[in-house]
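Number of protein chains: 2
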Amino acid sequence: MQFMTDHDKQTEERIFEAATEVFIEKGLDGSRIQDIADRAGMNKSLLHYYYRSKDRLFDAVFEMIAMKMLKKFAPVFEGDLTLEEKIRFFFREHLSFLQKNPRLPAFLLNEVNRHPERIRKFLANINIENLWKMLYDQHKDELDQYNITREKMPQIITTMASLTVFPFAAKMLLVELFGKAGIKFDDYIEERKTFAADFMISALKNMNRSNPEDESKIKKNDNKKKK
Amino acid sequence: MQFMTDHDKQTEERIFEAATEVFIEKGLDGSRIQDIADRAGMNKSLLHYYYRSKDRLFDAVFEMIAMKMLKKFAPVFEGDLTLEEKIRFFFREHLSFLQKNPRLPAFLLNEVNRHPERIRKFLANINIENLWKMLYDQHKDELDQYNITREKMPQIITTMASLTVFPFAAKMLLVELFGKAGIKFDDYIEERKTFAADFMISALKNMNRSNPEDESKIKKNDNKKKK
DNA sequence: ATTAAATTTGGCCATCTGTTTAAACCATAT
DNA sequence: ATATGGTTTAAACAGATGGCCAAATTTAAT
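From first to last, the protein sequence lines are chains A and B. Quick note on the working numbering: the first sequence kicks off at 1 and runs consecutively. Quick note on the working numbering: the second sequence kicks off at 1001 and runs consecutively.
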């Protein structure tokens, strides 16, 4: 046999791949075990032979996807890049990853909200505090320079995640809304790789330069009068 | 009868409210018509009497929620506030709204991704291009001052949505991760009302001051050498 | 009070869905 | 060839599920 066809893959692997596709597309509740069997081209019972139940099969798929997603974040906290380089690296790499896996954010967010118990065990290993503490310590000099305190790290980390994950979580919405304005989603994402990085860096550099609330109030009320 | 009990509400209204709760909690696929009837305290058949089917009931609920969500965005584009005031207004009001309806983002994003056909008709009325064009025209002076072109508006609008919607779409995740670091989700959101506004304003003011890519490369490579 | 209409109920049905069971199939070793 | 053990299939099961219907009950009009 010279070609590697679907049938050359082990049965268990084919089940897993078909299940991954279906679960991502329809979610746990919306997926039917028959759909998965059909897509894998085999009898329904085989899924029970290799994975005891729909739930166990889902858990296996979910764990794989969650790990895949998490591993992508790791490189940001390694290497001796400057903070700005890390930010650019993060947005470029993470958005590229999501371009290749555009349905992952919606899938993960939905399942996490729908079945929180199920995901607790995956989260047990992650200590996000260490994560931003590490990032803060590595770049204390730069952050001090910008007047960013350690207490702001949760806001900053979640902001970075927001900027990459949201467009994909809301992809269908954006495709629909952008369509009428002649904007292509792919172009938008491509542009976002640099926009998000520029945006992030610019915000960090200047947000605590002076009290933004006061500054804006004073400066802008003048402008307003002119209108 | 001196008290307004659940039974005083019209049947149709009670169905609608129970359905809203269940659909938001479990999604269309995860919801059972029996659950809704139980929560409304009535016979299953009544749901079919007032709404012909599960799908029609869902559509009614979905439309209400979508409208509720959309109406909250409108005030941002009215009034003669300055751009900065509008930004602060948006983050304060929108995050407050989401605090009261924390499950709406996850629900909406999930259903939009899961059943795109269903939502197309709701989106048909919305012209997002007009929306950001309006915002741009209203604040052309300020935006020019910051070197923000009209082409950047899609990125800016979606960024604002990201900053408010994502934390709620990922609420379960954040609650779990924050928990270990002793951070309360509610405090985080409260802080976010000003953080997101400051962050946004700071970014807009400075991101095109010079070419950020070049500036950062030069300035930061010096810092890096010191390490 | 009588009648007609609207509302509510319980029971039922056809279908779907995850799971189980038993038989068939197949490769390998003896 | 036969036996063995792992693999695959068809059939069936039990419980759930959305929808339907006919009877019962309530409400409103005359």
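All C-beta atoms in this analysis are idealised placements derived from N, C-alpha and C, irrespective of residue type, glycine included.
Between residue i and residue j, which are expected to be in contact by the criterion C-beta below 8 Å, what is the C-beta distance as a whole number of angstroms?
i: Gln1155(B); j: Phe195(A); result: 5 Å
i: Arg39(A); j: Glu21(A); result: 6 Å
i: Val1112(B); j: Leu173(A); result: 5 Å
i: Ile1015(B); j: Ala181(A); result: Not really, about 38 Å apart at Cβ, beyond 8 Å.
i: Phe1089(B); j: Leu1098(B); result: Phe1089(B) to Leu1098(B), Cβ: 15 Å. No contact.
i: Ile1065(B); j: Leu1108(B); result: 7 Å
i: Ile1024(B); j: Arg1103(B); result: 5 Å
i: Pro1105(B); j: Phe1168(B); result: 4 Å
i: Ile229(A); j: Met200(A); result: Within the shown structure, residues of chain A are numbered from 1 to 227, placing residue 229(A) beyond reach of any answer.
i: Ala1019(B); j: Ile1036(B); result: 5 Å
i: Ile189(A); j: Leu95(A); result: 6 Å
i: Asn208(A); j: Asn147(A); result: 4 Å
i: Asp29(A); j: Asp1029(B); result: 4 Å
Flag residue i as yes if its beta-carbon sits less than 8 Å from any beta-carbon of chain B, otherwise no.
i: Gln155(A); result: yes
i: Ala66(A); result: no
i: Arg120(A); result: yes
i: Ile183(A); result: yes
i: Ala37(A); result: no
i: Tyr136(A); result: no
i: Phe97(A); result: no
i: Val112(A); result: yes
i: Phe195(A); result: yes
i: Thr158(A); result: yes
i: Asn147(A); result: no
i: Met69(A); result: no
i: Leu104(A); result: no
i: Lys224(A); result: Confidence is the limiting factor: at Lys224(A) the pLDDT is only 42, short of 50, which leaves the residue's position unreliable, though a coordinate-based value still follows. It does; some Cβ of chain B falls within 8 Å.
i: Ala161(A); result: yes
Residue i: buried (16+ other C-beta within 10 angstroms of its C-beta) or exposed?
i: Leu1070(B); result: exposed
i: Thr149(A); result: exposed
i: Tyr1049(B); result: exposed
i: Arg1052(B); result: exposed
i: Arg114(A); result: buried
i: Gln1034(B); result: exposed
i: Ala203(A); result: buried
i: Met1067(B); result: exposed
i: Lys1171(B); result: buried
i: Lys1121(B); result: exposed
i: Lys152(A); result: buried
i: Gly79(A); result: exposed
i: Ala1161(B); result: buried
i: Arg1192(B); result: buried
i: Pro212(A); result: Low per-residue confidence applies at Pro212(A): pLDDT is 46, beneath 50, and the placement is therefore not dependable, though the value from the model is reported in the following sentence. Buried: at least 16 other Cβ atoms inside 10 Å.
Could you tell me whether any Cβ in chain A is nearer than 8 Å to the Cβ of residue i?
i: Ile1247(B); result: Because chain B spans 1001 through 1227 in this model, residue 1247(B) falls outside it and cannot be assessed.
i: Arg1192(B); result: yes
i: Pro1116(B); result: yes
i: Pro1167(B); result: yes
i: Asn1051(B); result: According to the sequence shown, residue 1051(B) is Tyr rather than Asn. Cβ-Cβ to chain A under 8 Å: no for Tyr1051(B).
i: Asp1055(B); result: no
i: Phe1178(B); result: yes
i: Lys1086(B); result: no
i: Lys1205(B); result: yes
i: Glu1129(B); result: yes
i: Leu1143(B); result: no
i: Gly1027(B); result: yes
i: Met1042(B); result: no
i: Gly1079(B); result: no
i: Phe1199(B); result: yes
i: Ala1074(B); result: no
i: Ala1019(B); result: no
i: Ser1202(B); result: yes
Apart from the five residues just before and just after residue i, which ones in its own chain have a Cβ nearer than 7 Å to its Cβ?
i: Asp198(A); result: none
i: His1139(B); result: Leu1083
i: Phe1077(B); result: Leu1131, Met1134, Leu1135
i: Phe1185(B); result: Lys1171, Leu1174, Val1175, Phe1178
Which residues in the same chain have their Cβ closer than 6 Å to the Cβ of residue i, if we skip the five residues on either side of it in sequence?
i: Asn1206(B); result: none
i: Glu1142(B); result: Leu1083
i: Ser1031(B); result: Val1022, Phe1023
i: Leu1163(B); result: Ala1196
i: Lys9(A); result: none
i: Leu1057(B); result: Ala1019, Tyr1051
Can you find the residues in the same chain that come closer than 8 Å, C-beta to C-beta, to residue i, ignoring five residues on each side of it along the sequence?
i: Met1042(B); result: Thr1011, Arg1014, Ile1015
i: Gly1027(B); result: Phe1107, Asn1110, Glu1111, Arg1114
i: Pro1075(B); result: Phe1089, Glu1093
i: Lys72(A); result: Glu93, His94, Phe97
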